[in-house]
Amino acid sequence: MMIVAVAVVVIAGFVIYRLHGIFGSHNNASGANGISNEIVPFNPKQVVLDVFGAPGAVATINYLDVNAQPQQVVDAPLPWSFTITTTEPAVLGNVVAQGNGGTIGCRITVNGEVKDERIVNTPDAYTFCLDKSG
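Note that numbering that gives the first Met the number 0 gives residue 72 to position 73 of the sequence shown, counting from 1, and the numbers run on in steps of one.
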């Protein structure tokens, strides 16, 4: 009886050993070999915020900077421009402006491609441009 029990244990151990070999559980899947896969930034993105209007006009301009923090420029002479260069996968482009002339416009350009543009022709004109996929 004892020989049968020992034989069963030996056979079960061998079967388990072979199943581990078949399913590859002995392979160490951890990447702890001391080499890190550093992500290198590529393809810098250039976002240009433009505000333009009548010659000699000034405007109060609010926009989001590269960190999406609100910024304000008071009495900025037109035309006005702000450039953001980043390697982030997405940048929120947002500009709001109100001028003292009869015409004001804004434009958001990403890598040379116009994403949004508006022109308003009214006294003390107000305009905004938004690009969520920059």
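Ideal placement from N, C-alpha and C gives every residue a C-beta, glycine not left out.
Looking only at its own chain, which residues have a Cβ that is under 6 Å from the Cβ of residue i, when we skip the five neighbours before and after it?
| i | result |
| --- | --- |
| Val46 | Ile83, Val90, Gly92, Val109, Gly133 |
| Asp49 | Ser80, Arg106 |
| Gln70 | Tyr62, Asp64 |
| Val72 | Ile60 |
| Ile118 | Gly104 |
| Asn120 | Thr102 |
How long is the line joining the alpha carbons of residue i and residue j, rounded to whole angstroms?
| i | j | result |
| --- | --- | --- |
| Val7 | Met1 | 10 Å |
| Gly52 | Asn66 | 27 Å |
| Ala124 | Tyr62 | 17 Å |
| Thr102 | Phe127 | 13 Å |
| Thr86 | Gln97 | 31 Å |
| Asp115 | Lys131 | 10 Å |
| Gly55 | Leu129 | 25 Å |
| Gln68 | Asn42 | 23 Å |
Applying the criterion that 16 or more other CB atoms from any shown protein chain within 10 Å of the CB defines a buried residue, is residue i buried or exposed?
| i | result |
| --- | --- |
| Ile10 | exposed |
| Ile60 | buried |
| Val5 | exposed |
| Gly111 | exposed |
| Val113 | exposed |
| Val95 | buried |
In its own chain, which residues sit with a C-beta less than 8 Å from the C-beta of residue i, not counting the 5 before and 5 after it?
| i | result |
| --- | --- |
| Pro78 | Asp49, Val50, Phe51, Gly52 |
Near residue i, which residues of its chain fall below 7 Å by C-beta distance, leaving aside the five closest residues on each side in sequence?
| i | result |
| --- | --- |
| Val57 | Asp74, Ala75, Pro76, Leu77, Gly98, Asn99 |
| Val3 | none |
| Pro88 | none |
Could you give the first and the last residue of the continuous beta strand (DSSP E) run that contains residue i?
| i | result |
| --- | --- |
| Asn120 | 112 to 120 |
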